[in-house]
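Q:
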Amino acid sequence: MKIAVEGCAHGELEQIYNTLELIEKRQNIKVDLLICCGDFQATRNVNDLSSMAVPQKYRQLCTFYKYYTGKLIAPVLTIFIGGNHEASNHLQELSYGGWAAPNIYYMGLASVINVGGIRIGGISGIYKPKDYMRGRHEKPPYNEFTKRSIYHVRQLEVFRLKQLKEPIDIMLSHDWPQGIEKYGNVKQLVKYKPFLKEDIKEGKLGSIPNRELLHELKPKYWFAAHLHCKFAAIVNHTPTETDEKEIKITKFLSLDKCLPQKRFLQILDIPHDDSKPIDLAYDLEWLSVLHLTNHLLNSNTNIYYLPGPSVDERYDFTPTDEEKTTVLKMFSNNLIISNNFIKLGNYKTKTNPQTTKFCNTLRVDDPFALVLGHWPGYSLFFDKQEDEDSVTDSTYSSFLNSTVCSNNDNELNETIETTPKTQFVLPEPKNDTVDINTDGESLLNNFNIATANISTDESKYEDSNIKNNCTSQIFAEENSTNHSPSKKMCLKRRNYLNMNDNDSE
Ligand SMILES: [Zn+2]
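Take the sequence shown: its letters are residues 1 to 505, numbered as in UniProt numbering.
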C-alpha cells in the first residue's frame with residue numbers, strides 16, 4: 001500500500017492533492033492513503049475561523065471548504081488527526097472520529113482504525129500539563145482560554161491508548177514524543193531549528209504522554225508534525241520482561257508544513273494484506289476499550305484522577321475475548337466504517353449524526369453532546385433490562401459519577417459548571433524512566449528511512465528522492481518481529497501538573 005504522509009496541512013489540502021497527483025504521474029504510482037498529522041484546519045465556513053487559535057494573519061478559510069461542500073472531491077482516502085490550529089468546533093462534533101468531508105476521515109480525540117489491514121492509532125492535540133488532568137469542558141463559543149485548552153491532550157485518551165495490547169503498525173501524533181531527538185541526528189535538528197536547543201538540553205522537547213505511549217505501544221512507525229521540520233529517528237526499544245526476545249523498533253518521522261521548498265510529504269510503501277480492500281474499519285480492541293471506559297468520561301474543568309492499582313475498582317481495561325465479542329455483536333459483526341458523511345447547516349452548534357449513531361451503537365456517551373447538555377448520559381438511556389445485558393456495570397455509569405479532586409482553575413471560571421464532589425483516593429506517584437538508546441544515530445545510518453523532498457515548486461522536484469520501494473528493506477527486517485501482546489500493566493501515574501509547560505503553540 002502506498003501511503004503518503006504529510007506534516008502540518010495548515011488548510012492547504014488542494015495543494016497537497018495537487019502535489020500527490022504530480023508524484024503519481026512522475027512515478028507512475030497510485031497513492032492509496034494520505035495521512036495528515038494535524039493542523040489540518042477543517043474550516044467549513046468563516047464562522048469556523050473564530051474557533052481556531054491562530055494569529056489574525058493566518059485566519060484564512062484556505063481550501064478544506066471546497067471538499068466539505070462537494071465542490072471538489074478528495075482524490076485519495078485521507079485520514080487526519082488534530083493539532084493545535086484547528087476548526088475546533090467542527091472537530092468537537094466528531095470526538096470519536098468521523099467523516100469531515102467525503103473521503104476525508106478525522107480520527108477523533110484518539111482512536112485506532114484499520115486501513116486495508118494496517119492498524120493505525122492516533123492522538124489529537126498537543127500536551128500542556130495544566131489541562132492534562134481536566135475533563136473535556138470546552139464548548140462553543142470558545143473564549144480565549146477554551147479556544148486553546150480544547151486541543152490540549154487529556155489523560156483519558158492516553159489512558160485508553162495504554163490499554164491496547166495488540167500491535168500497532170502506525171501511530172500518529174501532532175507533537176513529538178519527548179526525547180525522540182536523542183534517537184536521530186540532533187545536531188542537524190538544532191542547526192535547522194536553533195530555538196529548540198534549550199528545550200533539548202533540558203530534556204523538555206516534546207510530549208510526555210507521547211513518550212510513554214511510544215515506549216509502551218512500540219509501534220512500527222510513528223509519524224508527527226508540529227515543529228515544522230523534517231526529522232527522522234529510529235527507536236530501538238529496550239525489551240521488557242514480558243516482551244519476546246526480538247527487539248522492537250519504531251521508525252519515527254516528522255515532516256514540515258505544506259509550503260514550497262519544504263519537506264512536507266513522504267511516500268511509504270507498506271505491505272498490506274492484499275485480500276483486504278483498502279477501506280476504513282473500526283478496531284475491535286479500541287472499540288472495546290472505549291466501551292469499557294465510558295464511565296471515566298468527565299466534562300468539567302476540575303482535575304480528576306483515573307483508577308489505578310491503589311483503588312478498589314477496575315483499572316485494567318484491556319478487553320477480554322468475551323468483552324470484544326460483545327462489542328463486535330453491537331456492530332452486527334461488521335466493523336467497516338460506512339461512508340455516512342453528512343453536511344450540516346452553517347453557523348449552528350449541534351451534535352453530529354455520525355457521532356450520535358456511533359455512540360448509540362457502542363453505547364457510549366458523546367462528549368460534545370454531554371457538555372452541551374444534549375445528552376442525558378448513557379446510564380439514563382437504557383432501561384433496566386438493557387443495563388443487565390451490559391458488559392460491565394461500570395460501563396453505563398455516566399460521567400456525572402466521575403471523581404472530582406480539586407478545582408483550582410481561575411482562568412476558566414466563565415465555563416465552570418458546578419459538579420458534585422465525591423470522595424477520592426490519590427494514587428502513589430511513581431518515578432518515570434526513559435529508555436536511552438545511545439546507538440540511535442548509528443542505527444539511522446543503517447536503516448535508510450525513505451525520505452521524499454517534495455516541493456510545490458515543480459522545478460525543484462527531484463525524482464530521485466521518491467523511491468517507491470525504499471521502505472521494503474526496512475519491512476523485510478521487521479517481518480520476523482513477534483508481536484505477542486504484552487501483559488505488563490501500564491497504568492503508571494505521574495505528577496503531570498509539576499511538569500514544565502514546554503510546548504510551543
Ligand atoms: Zn503546524
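We put the beta carbon where it would ideally sit given N, CA and C, even for glycine.
1. Determine whether the Cβ of Ala225 lies closer than 7 Å to any Cβ atom of chain B.
2. Counting only the same chain and skipping the five closest in sequence on each side, list residues whose C-beta sits under 7 Å from that of Leu287.
3. Note down, in chain order, each residue of its chain lying with its Cβ closer than 6 Å to the Cβ of Ser95, except the 5 sequence neighbours on either side.
4. For His295, is the classification buried or exposed, using 16 other Cβ atoms within 10 angstroms of its Cβ as the cut-off for buried?
5. At a threshold of 6 Å, does Asp48 count as lining ligand 1 (C-beta to nearest heavy atom)?
6. According to the neighbour-count rule (16 or more other Cβ atoms, all chains shown, within 10 Å of its Cβ), is Glu285 buried or exposed?
7. Taking buried to mean at least 16 other C-beta atoms within 10 Å of its own C-beta, is Lys25 buried or exposed?
8. Assign Asp274 to one of two classes, buried (16 or more other C-beta atoms within 10 Å of its C-beta) or exposed (fewer than that).
9. From Asp365 to Met133, what distance separates their C-alpha atoms?
10. Is it right to say Arg211 is buried, meaning 16 or more other beta carbons lie within 10 angstroms of its own, or is it exposed?
11. Given a threshold of 16 other Cβ atoms within 10 Å of its Cβ, counted over all protein chains shown, does Thr351 qualify as buried or as exposed?
12. CA-CA distance, Ile16 and Asn28?
13. Should Ala42 and His90 be called a contact, given that it needs their Cβ atoms to be closer than 7 Å?
14. Using the DSSP secondary-structure output, state which residues sit across from Leu280 in a beta bridge.
15. Could you please give me the residues that DSSP links to Gln266 through a beta bridge?
16. In terms of residues, what are the limits of the alpha helix (DSSP H) holding Lys251?
17. In the structure shown, what three-state DSSP assignment does residue 535 receive?
18. Using only alpha-carbon positions, find the residue among Asn300, Ile267, Asn298 and Met330 that is nearest to Val5.
19. Using 10 angstroms around the beta-carbon of Ile73, count the other beta-carbons present and answer buried if the total reaches 16, otherwise exposed.
20. For Ala224, which residues from the same chain have a beta carbon less than 6 Å from its beta carbon, with the 5 sequence-adjacent residues on both sides left out?
21. Are Lys276 and Gly135 touching if we call contact CB-CB under 7 Å?
22. Note down, one range per segment and in chain order, each alpha helix (DSSP H) of at least 4 residues found wholly within the segment 24–69.
A: Based on what the coordinates show:
1. Among the chains of the structure shown, chain B does not appear; only one protein chain is present.
2. As a first step, residue 287 is located in the sequence shown; it is residue number 287 there, counting from the start. Within its own chain, the residues whose Cβ lies closer than 7 Å to the Cβ of Leu287, once the five positions on either side in sequence are excluded, are Val327 and Leu362, listed in chain order.
3. If you number the sequence shown from 1, residue 95 lands on position 95. Taking C-beta separations shorter than 6 Å and ignoring five residues to either side along the sequence, the partners of Ser95 in its chain run Gly108, Leu109, Pro367 and Phe368, following chain order.
4. Numbered from its first residue, the sequence shown carries residue 295 at position 295. His295 is buried by the Cβ-count criterion.
5. Here residue 48 refers to the residue found at position 48 of the sequence shown. No, the beta carbon of Asp48 sits no closer than 6 Å to any heavy atom of ligand 1.
6. What you label residue 285 is simply residue 285 of the sequence shown in a count that begins at 1. So Glu285 counts as buried.
7. Counted from its first residue, the sequence shown places residue 25 at position 25. With fewer than 16 other CB atoms across the displayed protein chains lying within 10 angstroms of its CB, Lys25 is exposed.
8. In the sequence shown, counting from the first residue as 1, residue 274 sits at position 274. Taking a 10 Å sphere around the C-beta of Asp274, we find fewer than 16 other C-beta atoms and assign the residue as exposed.
9. Within the sequence shown, the letter at position 365 stands for residue 365. Within the sequence shown, the letter at position 133 stands for residue 133. So the two alpha carbons sit approximately 19 Å from each other.
10. Residue 211 sits at position 211 when you count from the first residue of the sequence shown. Burial call: buried.
11. Against the sequence shown, residue 351 aligns to sequence position 351. Answer is buried; the Cβ neighbour count reaches 16.
12. Numbered from 1 along the sequence shown, position 16 holds the residue referred to as residue 16. Numbered from 1 along the sequence shown, position 28 holds the residue referred to as residue 28. Just so you know, the alpha carbons of Ile16 and Asn28 end up roughly 18 Å apart.
13. Position 42 of the sequence shown, counted from the first residue, corresponds to residue 42. Position 90 of the sequence shown, counted from the first residue, corresponds to residue 90. Yes, these two residues count as a Cβ contact at 7 Å.
14. For the purposes of this step, residue 280 is taken as the residue at position 280 of the sequence shown. Val115.
15. On the sequence shown, position 266 is the one that residue 266 refers to. BP columns for Gln266 point to Val5.
16. Residue 251 sits at position 251 when you count from the first residue of the sequence shown. Premise fails: Lys251 lies in the beta strand (DSSP E), Ile249 to Ser254, not in any alpha helix (DSSP H).
17. Outside the shown range of the chain, which is 1 to 505, sits residue 535, and nothing can be said about it.
18. For the purposes of this step, residue 5 is taken as residue 5 along the sequence shown, with counting starting at 1. For Val5, the closest of Asn300, Ile267, Asn298 and Met330 by C-alpha to C-alpha distance is Ile267.
19. Along the sequence shown, read from residue 1 onward, the residue named residue 73 stands at position 73. The residue is exposed, with fewer than 16 neighbouring Cβ atoms inside 10 Å.
20. Locating residue 224 in the sequence shown gives position 224, counting from the first residue. The beta carbon of Ala224 lies closer than 6 Å to those of Cys37, Ser173, Trp176 and Ser254 in the same chain, with the five residues before and after it left out.
21. Working through the sequence shown from its first residue, we reach residue 276 at position 276. Working through the sequence shown from its first residue, we reach residue 135 at position 135. In this structure, Lys276 keeps its C-beta atom at 7 Å or more from the C-beta atom of Gly135.
22. DSSP runs (the alpha helix (DSSP H)) wholly in the segment 24–69: 46–49 and 64–68.
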